[in-house]
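J.: So for the sequence shown, our numbering puts the first residue at 304; every next one is plus one.
One structure, as structure tokens, below. Some questions next.
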Amino acid sequence: MSRKAVQVSVFACVLAALQHQQVRANVAAGDNAAERAALCSIIEVAGNRAKLHDQKPTFDTELQGIMELNMTAAEDTWLTEFRSPENPEQPRDTNKHPLPQNRGWDKRWQHWQRAASNLLKPASLTARRQHYKLHELSEQQRKNVRTAVARLAEEAFAEATDSETQKALADIIDDTTLQKEINQAVYGLDTEPDSNFANYKPFNNQAAGNREGNCGTASTAGKATNLFEALLCVCAGDATNNGDAGKACRADATVGSSWNPSTQPAPTGAEMEAVRKLCNRQGEKKLTSADLNNRIATIANLVRRGTSASHIGKFLATNCDGTENNGMCVTYTGVTDTTGDVRKEVPWLQKLIQTAEKLRKHEVGVRHLKAVKKSLKAKYGLAQQKEYLQLSAPAAAATGTSGAEPAKPQEKTTTAQQTCDKHKSNKTACESTANCKWKGTDEKTGSCEVDESKVTEQTNTAGGTGEETTAEKCKGKEQKDCKSPDCK
Numbered sequence: 304m305s306r307k308a309v310q311v312s313v314f315a316c317v318l319a320a321l322q323h324q325q326v327r328a329n330v331a332a333g334d335n336a337a338e339r340a341a342l343c344s345i346i347e348v349a350g351n352r353a354k355l356h357d358q359k360p361t362f363d364t365e366l367q368g369i370m371e372l373n374m375t376a377a378e379d380t381w382l383t384e385f386r387s388p389e390n391p392e393q394p395r396d397t398n399k400h401p402l403p404q405n406r407g408w409d410k411r412w413q414h415w416q417r418a419a420s421n422l423l424k425p426a427s428l429t430a431r432r433q434h435y436k437l438h439e440l441s442e443q444q445r446k447n448v449r450t451a452v453a454r455l456a457e458e459a460f461a462e463a464t465d466s467e468t469q470k471a472l473a474d475i476i477d478d479t480t481l482q483k484e485i486n487q488a489v490y491g492l493d494t495e496p497d498s499n500f501a502n503y504k505p506f507n508n509q510a511a512g513n514r515e516g517n518c519g520t521a522s523t524a525g526k527a528t529n530l531f532e533a534l535l536c537v538c539a540g541d542a543t544n545n546g547d548a549g550k551a552c553r554a555d556a557t558v559g560s561s562w563n564p565s566t567q568p569a570p571t572g573a574e575m576e577a578v579r580k581l582c583n584r585q586g587e588k589k590l591t592s593a594d595l596n597n598r599i600a601t602i603a604n605l606v607r608r609g610t611s612a613s614h615i616g617k618f619l620a621t622n623c624d625g626t627e628n629n630g631m632c633v634t635y636t637g638v639t640d641t642t643g644d645v646r647k648e649v650p651w652l653q654k655l656i657q658t659a660e661k662l663r664k665h666e667v668g669v670r671h672l673k674a675v676k677k678s679l680k681a682k683y684g685l686a687q688q689k690e691y692l693q694l695s696a697p698a699a700a701a702t703g704t705s706g707a708e709p710a711k712p713q714e715k716t717t718t719a720q721q722t723c724d725k726h727k728s729n730k731t732a733c734e735s736t737a738n739c740k741w742k743g744t745d746e747k748t749g750s751c752e753v754d755e756s757k758v759t760e761q762t763n764t765a766g767g768t769g770e771e772t773t774a775e776k777c778k779g780k781e782q783k784d785c786k787s788p789d790c791k
């Protein structure tokens, strides 16, 4: 082969390589498939499709149950506080009959009054006491139950109304709130537009006369302020597309081609719906904060940082005008390859992050409320177990004993002294009296005093039962000398 032929062959190879590199540099079919999937992952949970994974638990049944039981077990005089003085079967009007001051009733009155409302009629009160089998208890048992139930009810009320529970309740959101938050980030509206997008005004109703004016340039942001408009910039085909730019999000077909920003700045409803159909919008999704944060992170990681700004979608040069050699993209400023936090600088990403944080607090609140519900349910269950409630009851006296506390030695001494004083001038009578001894020189001169040794012995003997046995009282005495009425 001649040298000239070799040179031509080498030139042809280099040219082919350069052409191949140029083709690869252009926006190609499917180049924005990852961006489409990431943005669509949020649209999938927009509308009314997002549902809370953890719904708010309620413990009203458990709280009101134990409050009503407490009211049912209470003395009748306590129930009088909740009756109208004019008509005892009607609830008290606190406007006419104000609550006592400085007793804390105002904080509990709503729950108390609600519990008492079904007990104001005698027949209703009787029926509830029979329901809880309180009528089967003795008076002492009822007192024990009353005390124990009151304690459990107070503990339950404290758990249900403490600061932690109030914070948990304040952090609870519902499905509607979650859906509004997501729709605001996606569309800038509380609800998702219908298929004709009749009430939706893209690009803040100020669409520019060219695509880069809406979607941005190499260093300036456009008018895309929500997620759906970002999807339009990244995926929507238009009349100026060339090559495969219109297939950037869907390799097998152009996503719309009639939008011409120069003659019609804003895309029509049909053109916007064609882009939205790239996303799955069927079915519901139970959303957690972790799930939403993962979707946000996927989008944030696809942001391409540049020297002057950053882009979502394929950016090559100059601007996001939809041509194959410039880019199918959307521009955001405040984020470069050296500075900026995507999550803070992209407005709709910031909204989604705030929603994820609200969702996280909701989940923490749900866990706390579930714990409160479980605790209140356990307390209500214990409050209905009469066997448990009797555990704290005073033990009954053993058979054959009085149940009274044994007399203390000093009490015995005082009683004996009073007895001995009656014989202070008679030695014979003194010495024949239990626990007494004569201290003097003769029959008349001296005093009758308590024999402490006998009192101590007698106290120790009687300590086990609370009383001195008849045998001990009469032991060692002739019948004529025995003063105890128990001696025969």
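Ideal placement from N, C-alpha and C gives every residue a C-beta, glycine not left out.
What would DSSP say about residue 273, mapped onto helix, strand or coil?
T.: Only positions 304 to 791 of the chain appear in the structure, and residue 273 is not among them; the question remains open.
J.: In three-state DSSP terms, what is residue 702?
T.: By one-based count along the sequence shown, residue 702 stands at place 399. A caution first: residue 702 carries a pLDDT of 40, below 50, which makes its placement in the model too unreliable to give a value.
J.: At the level of alpha carbons, what is the spacing between residue 391 and residue 383?
T.: In the sequence shown, the residue the question calls residue 391 occupies position 88. In the sequence shown, the residue the question calls residue 383 occupies position 80. In a straight line, the C-alpha of residue 391 is about 8 Å away from that of residue 383.
J.: Return the CA-CA distance between residue 473 and residue 582, expressed in angstroms with no decimal places.
T.: Position 170 of the sequence shown holds residue 473. Position 279 of the sequence shown holds residue 582. Computed Cα separation, rounded: 34 Å.
J.: Taking 8 Å as the cut-off, decide whether the C-beta atoms of residue 754 and residue 739 are in contact.
T.: Counted from its first residue, the sequence shown places residue 754 at position 451. Counted from its first residue, the sequence shown places residue 739 at position 436. Yes.
J.: Taking all protein chains shown into account, do 16 or more other C-beta atoms lie within 10 angstroms of the C-beta of residue 481, making it buried, or fewer, making it exposed?
T.: Here residue 481 refers to the residue found at position 178 of the sequence shown. Result: buried.
J.: Tell me, please, whether the region 599-614 touches the region 364-382 by the rule of three or more beta-carbon pairs shorter than 8 Å.
T.: No, the region 599-614 does not touch the region 364-382.
J.: Which one of 641, 351, 737 has the shortest CA to CA distance from residue 492?
T.: To locate residue 492, count along the sequence shown from 1; it is residue 189. Comparing Cα-Cα distances from residue 492 to each of 641, 351, 737, the minimum goes to 351.
J.: Report the start-end ranges of each alpha helix (DSSP H) in the region 444-486 that is 4 residues or longer and not cut off at the edges.
T.: The region 444-486 contains these whole alpha helix (DSSP H) runs: 466-473.
J.: Would you kindly check if the distance between the Cβ of residue 345 and the Cβ of residue 530 is under 8 Å?
T.: Locating residue 530 in the sequence shown gives position 227, counting from the first residue. Locating residue 345 in the sequence shown gives position 42, counting from the first residue. It is a contact, given that the beta carbons lie within the stated cut-off.
J.: According to DSSP, simplified to helix, strand and coil, what is residue 489?
T.: As a position in the sequence shown, residue 489 is number 186, starting the count at 1. It is helical.
J.: Can you tell me the Cα-Cα spacing of residue 575 and residue 677, whole angstroms?
T.: Your numbering for residue 575 matches position 272 in the sequence shown. Your numbering for residue 677 matches position 374 in the sequence shown. If I take the Cα positions, the gap works out to 49 Å.
J.: Taking the Cβ atom as the reference point for each residue, do residue 659 and residue 596 lie within a distance shorter than 8 Å?
T.: The residue given as residue 659 occupies position 356 in the sequence shown. The residue given as residue 596 occupies position 293 in the sequence shown. In this structure, residue 596 lies closer than 8 Å to residue 659 by Cβ.
J.: Starting from residue 741 and walking both ways along the beta strand (DSSP E), at which residues does that stretch end?
T.: What you label residue 741 is simply residue 438 of the sequence shown in a count that begins at 1. 739-743 is the extent of the beta strand (DSSP E) around residue 741.
J.: Taking the continuous beta strand (DSSP E) assigned at residue 635, which residues delimit it?
T.: Here residue 635 is taken as the residue at index 332 of the sequence shown, counted from 1. Residues 630-635.
J.: Hey, how far is the Cα of residue 500 from the Cα of residue 618?
T.: The residue given as residue 500 occupies position 197 in the sequence shown. The residue given as residue 618 occupies position 315 in the sequence shown. Near 28 Å, if we compare the C-alpha coordinates of residue 618 and residue 500.
J.: Which first and last residues belong to the alpha helix (DSSP H) in which residue 422 is found?
T.: For the purposes of this step, residue 422 is identified with residue 119 of the sequence shown, where counting begins at 1. Unbroken run through residue 422: none, as it is neither H nor E.
J.: Tell me the DSSP secondary structure of residue 353 in three-state form.
T.: In the sequence shown, counting from the first residue as 1, residue 353 sits at position 50. It is a strand residue.
J.: Report the partner residues of residue 752 according to the DSSP bridge assignment.
T.: In the sequence shown, the residue the question calls residue 752 occupies position 449. BP columns for residue 752 point to 740.
J.: Tell me the residue span of the beta strand (DSSP E) that contains residue 590.
T.: Position 287 of the sequence shown, counting from 1, holds the residue named residue 590. Element bounds for residue 590: 588-590.
J.: Is it true that the region 351-370 meets the region 665-685, where meeting means three or more beta-carbon pairs spaced less than 8 Å apart?
T.: With a cut-off of 8 Å, the region 665-685 and the region 351-370 count as touching, because enough Cβ pairs lie within range.
J.: Under three-state DSSP, which class holds residue 360?
T.: Taking the first residue of the sequence shown as position 1, residue 360 is located at position 57. In this structure, residue 360 counts as coil in the three-state DSSP scheme.
J.: Check for me: the alpha helix (DSSP H) holding residue 572 runs from which residue to which?
T.: Within the sequence shown, numbered from 1, the residue matching residue 572 stands at position 269. Note, residue 572: alpha helix (DSSP H), 572-579.
J.: What is the rounded straight-line gap between the Cα of residue 553 and the Cα of residue 462?
T.: As a working note, residue 553 is residue 250 in the sequence shown. As a working note, residue 462 is residue 159 in the sequence shown. Rounded to whole angstroms, residue 553 to residue 462 spans 56 Å at the Cα level.
J.: Use the C-beta contact count for residue 741: other C-beta atoms within 10 angstroms, 16 or more gives buried, fewer gives exposed.
T.: Position 438 of the sequence shown holds residue 741. With 16 or more Cβ atoms within 10 Å of its Cβ, residue 741 is classed as buried.
J.: Leaving out five residues before and five after residue 511 in sequence, what residues of the same chain have Cβ atoms less than 8 Å from its Cβ?
T.: For the purposes of this step, residue 511 is taken as the residue at position 208 of the sequence shown. Closer than 8 Å at the Cβ level, and outside the excluded window around residue 511, lie 517, 525, 526, 564, 568.
J.: Round the Cβ separation of residue 394 and residue 416 to the nearest angstrom and send it over; I've been treating them as touching at under 8 Å.
T.: Taking the first residue of the sequence shown as 1, we reach residue 394 at position 91. Taking the first residue of the sequence shown as 1, we reach residue 416 at position 113. Confirmed, about 6 Å.
J.: For the alpha helix (DSSP H) containing residue 344, list its first residue and its last residue.
T.: Taking the first residue of the sequence shown as position 1, residue 344 is located at position 41. From DSSP, the alpha helix (DSSP H) with residue 344 extends over 336-346.
J.: Determine, using beta carbons only, whether residue 448 and residue 689 come nearer to each other than 8 Å.
T.: The residue labelled residue 448 in the question sits at position 145 within the sequence shown. The residue labelled residue 689 in the question sits at position 386 within the sequence shown. For residue 448 and residue 689, yes; Cβs fall inside 8 Å.
J.: When DSSP builds the beta bridges, which residues end up paired with residue 613?
T.: Within the sequence shown, numbered from 1, the residue matching residue 613 stands at position 310. Per DSSP, 608, 635.
J.: Under the rule that 16 or more other beta-carbon atoms within 10 Å means buried, what is residue 640, buried or exposed?
T.: Position 337 of the sequence shown, counted from the first residue, corresponds to residue 640. Counting Cβ neighbours within 10 Å, residue 640 comes out exposed, since fewer than 16 surround it.
J.: Measure the alpha-carbon distance for residue 478 versus residue 470 and round it to whole angstroms.
T.: As a first step, residue 478 must be located in the sequence shown, where it is residue number 175. As a first step, residue 470 must be located in the sequence shown, where it is residue number 167. Rounded to whole angstroms, residue 478 to residue 470 spans 19 Å at the Cα level.
J.: Whole angstroms is fine: what's the gap from residue 644's alpha carbon to residue 664's?
T.: Counting from 1 along the sequence shown, the entry for residue 644 is found at position 341. Counting from 1 along the sequence shown, the entry for residue 664 is found at position 361. Roughly 23 Å between the two C-alpha positions.
J.: Looking at the strands, I want to know which residues DSSP matches up with residue 520.
T.: In the sequence shown, residue 520 corresponds to position 217, counting from 1. In DSSP, residue 520 forms a bridge with 622.
J.: Is DSSP giving residue 553 helix, strand or coil here?
T.: In the sequence shown, residue 553 corresponds to position 250, counting from 1. Residue 553: coil per DSSP, three-state reduction.
J.: Taking the beta carbon of residue 496 as the centre, do at least 16 other beta carbons fall within 10 Å, making it buried, or is it exposed?
T.: Here residue 496 corresponds to residue number 193 of the sequence shown, with the count starting at 1. Buried.
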